[in-house]
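Enquirer: Quick one: the structure is below, and I'll ask about it shortly.
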DNA sequence: CATTTTTGTTAATGTAAGGTTAAAAGCTAT
DNA sequence: ATAGCTTTTAACCTTACATTAACAAAAATG
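Protein chains in written order, with UniProt numbering: chain P, 1 to 234; chain R, 1 to 234.
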């Protein structure tokens, strides 16, 4: 699991403070883009993918909250941290309404800032794993939503999957292009491994193949005596 | 605004891990009650008011999910966070069914834990204080005011909903386009989960569908064996 | 090549879950 | 107590699902 440098968008109008903060963050191994006002910040945001946005609240022309709202319209996930003057408690509530992840009071301890940044990025990483992404798979032209149990092809009207269809396809997708052993599906889905459950599984493989026929690039291959392989041809 | 220390119920059977976690939380200014198993956890829960419950999923005798259900029958609001082993992905769905607020994978970054706790308690606080959002919903052409139990279509004369109709529709709206698990409605609204309450719920689904028929874009879909989904088609 | 084993596929069956309506039972305020 | 509601229970029907059976085809075995 190699990681790219985390990208931070810093929007701060005070040139002294902004530059110092940028340098400090870069010294700590972040890839920082510094925008000098809300307008510029939004432009830069649209051009790139960031792991975190740090927005000063008080800025001329476009304040941090307004900017945050615009950012949220484009991206509901990216963590946003506000920089705010001490004791501006009204700001805190307002910030949470536009989906702030945290607050930093100016002036702040630079160590604290680093800790928080690390924590926020980390949190987002674990959240996204445990949240929806878990249940959504792309299989060639198909989208499988295994929480809602539906399968759609190229955005068309989705087909509903039965629980077993769903779990089996999900398991195949988790092993895409790789062997998904019969035994695995039987123990995980059927919780029993005998002649009948095995035949039942074959029936479900047939059902899945029927659904997947819409995309000629996608197929379920059998590996005799071993299991199945969901392949997506390019 | 004087605040009391936030109270956390921690239910964790591993004495080492539990003690460490408890101490860590206490160092961070939470008032922590540590229960060593599900039974004890439920006893302590009944005795006190907590701001947050942290439940280990894997425990002997009574697992975290069972405990969560019991807790939900007493209290529909208290935030619940599950502790789960990293690779137990199946658990995630199960947890959401009983109304989990979040997940933490063991082992986890203690900073992350603190952030999440803070965020969850904060979220709950702002929700309960000010937000009209959780009582007013737009559902296609409908407006639901779940405080007044009014449902109106395109600004027309509103229909008065019964308490159960109202709560059920509200719960569906909170999960708009997403799965609203049967179990969640039963534990949150009926506070019991058996054959009859389940049938009762189906009756209410039928009633709601009748109301919602006015707008062909709005429908309640069933996900067999899982729950319902309020969808608004565009 | 003949035979056995595994897999592909379709259809039939039985069961469980959900849809719907109506009657019975509970409430609540008068 | 009773009128007017809400909620539960019951009944009956439809749909969804999983399993099993049956037979065909493919792959392995010897």
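Yeah, the Cβ is synthetic: ideal placement off N, Cα and C, and Gly gets one too. On a predicted model such as this, the values are computed, not experimentally measured, just so you know.
Is residue 179 of chain R close to chain P? Criterion is C-beta to C-beta, closer than 9 Å.
Expert: yes
Enquirer: Could you pull the start and end residues of the beta strand (DSSP E) that residue 180 of chain R belongs to?
Expert: 179 to 181
Enquirer: Who are the Cβ neighbours of residue 67 of chain R in its own chain at under 7 Å, not counting the five residues just before and after it?
Expert: 11, 38, 41, 42, 55
Enquirer: So which residues on chain P does residue 229 of chain R lean against when the C-beta distance must stay under 9 Å?
Expert: 148
Enquirer: Report the residue from P:232, P:18, P:159 whose alpha carbon sits nearest the alpha carbon of residue 215 of chain P.
Expert: P:232
Enquirer: Taking only three categories from DSSP, how would you classify residue 143 of chain R?
Expert: Of the three classes helix, strand and coil, the one that applies to residue 143 of chain R here is strand, per DSSP.
Enquirer: Excluding five sequence neighbours on each side, which residues of the same chain lie with their C-beta closer than 6 Å to the C-beta of residue 6 of chain R?
Expert: 30, 51, 121
Enquirer: Enumerate in chain order the residues of its own chain whose CB-to-CB distance from residue 114 of chain P is below 7 Å, with the five nearest sequence positions on each side excluded.
Expert: Once the five neighbours on either side are set aside, the close Cβ partners of residue 114 of chain P are 28.
Enquirer: Within this structure, are the beta carbons of residue 223 of chain R and residue 160 of chain P separated by less than 9 Å?
Expert: Yes, they are a contact pair.
Enquirer: Beta-carbon of residue 225 of chain R versus every beta-carbon of chain P: anything under 9 Å?
Expert: yes
Enquirer: What does residue 158 of chain P touch in chain R if you count any residue whose Cβ is under 7 Å from its own?
Expert: Chain order gives no chain R residues near residue 158 of chain P, where near means a beta carbon separation below 7 Å; the closest approach is about 11 Å.
Enquirer: Taking the alpha-carbon positions, what's the residue 117 of chain R to residue 234 of chain P distance?
Expert: 45 Å
Enquirer: Do residue 188 of chain P and residue 165 of chain P have their C-beta atoms within less than 9 Å of each other?
Expert: no
Enquirer: Would you report the Cα separation of residue 8 of chain P and residue 36 of chain P, rounded to the nearest angstrom?
Expert: Taking C-alpha positions only, residue 8 of chain P is separated from residue 36 of chain P by approximately 14 Å.
Enquirer: Check for me: the alpha helix (DSSP H) holding residue 165 of chain P runs from which residue to which?
Expert: 163 to 174
Enquirer: Assuming residue 192 of chain R and residue 186 of chain R are in contact, meaning their beta carbons sit under 8 Å apart, how far apart are those beta carbons, in whole angstroms?
Expert: 7 Å
Enquirer: Please identify the residue among R:136, R:171, R:190 whose C-alpha is closest to the C-alpha of residue 69 of chain R.
Expert: Taking only the C-alpha atoms, the option nearest residue 69 of chain R is R:190.
Enquirer: For residue 163 of chain P, go through chain R and note every residue whose CB falls closer than 9 Å to its CB, in chain order.
Expert: 224, 225, 226
Enquirer: Identify, in the order they occur along the chain, each residue of the same chain with its Cβ nearer than 7 Å to the Cβ of residue 153 of chain P, setting aside the five sequence neighbours on each side.
Expert: 141, 142, 214, 215
Enquirer: Starting from residue 189 of chain P, follow the alpha helix (DSSP H) in both directions and report where the run begins and ends.
Expert: Segment: none, residue 189 of chain P is in no alpha helix (DSSP H) and carries neither H nor E.
Enquirer: Taking C-alpha atoms, which residue in P:17, P:201, P:174 lies nearest to residue 138 of chain P?
Expert: A check of alpha carbon separations from residue 138 of chain P across P:17, P:201, P:174 identifies P:174 as the nearest.
Enquirer: Give every residue of the same chain whose Cβ lies closer than 6 Å to the Cβ of residue 64 of chain P, excluding the five residues on either side of it in the sequence, and list them in chain order.
Expert: Cβ neighbours of residue 64 of chain P beyond the five flanking positions: 55, 56, 57, 82.
Enquirer: Look up residue 70 of chain R in the DSSP assignment and say whether it is helix, strand or coil.
Expert: helix
Enquirer: Evaluate residue 221 of chain P with the Cβ neighbour count: other Cβ atoms within 10 Å of its Cβ, from every protein chain shown; 16 or more gives buried, anything less gives exposed.
Expert: Burial call: exposed.
Enquirer: Output yes if chain R places a C-beta closer than 9 Å to the C-beta of residue 120 of chain P; else output no.
Expert: yes
Enquirer: Based on DSSP bridge pairs, tell me the residues matched to residue 35 of chain R.
Expert: DSSP, once it has assigned bridges, lists R:11 as partnering residue 35 of chain R.
Enquirer: Please name the residue or residues paired with residue 229 of chain R in a DSSP beta bridge.
Expert: R:179, R:221
Enquirer: Taking the alpha-carbon of residue 147 of chain P as reference, which of R:155, R:170, R:157, R:177 has the nearest alpha-carbon?
Expert: R:177
Enquirer: Please state if the CB of residue 149 of chain R and the CB of residue 180 of chain R are separated by a distance shorter than 9 Å.
Expert: no
Enquirer: Tell me the rounded alpha-carbon separation between residue 227 of chain R and residue 172 of chain R.
Expert: 10 Å
Enquirer: So with Cβ pairs under 9 Å, would you call residue 232 of chain R a contact of chain P?
Expert: Chain P contact via Cβ: absent.
Enquirer: When the Cα atoms are used, what is the spatial distance from residue 17 of chain P to residue 49 of chain P?
Expert: 24 Å
Enquirer: Since residue 170 of chain P and residue 144 of chain P are thought to touch, with beta carbons under 8 Å apart, how far apart are those beta carbons, to the nearest angstrom?
Expert: 7 Å
Enquirer: Look up residue 152 of chain P in the DSSP assignment and give the residues it is bridged to.
Expert: P:143
Enquirer: By Cβ distance below 8 Å, which residues in the same chain neighbour residue 46 of chain P in space, the five residues on each side in sequence not counted?
Expert: Setting aside the 5 residues that flank it on each side, residue 46 of chain P is surrounded in the same chain by 74, each with a C-beta closer than 8 Å to its C-beta; the list follows chain order.
Enquirer: Return the Cβ separation of residue 237 of chain R and residue 44 of chain R in integer angstroms, given the expectation that the two are a contact with Cβ distance under 8 Å.
Expert: No answer is possible for residue 237 of chain R: it lies beyond the span of chain R, which begins at 1 and ends at 234.
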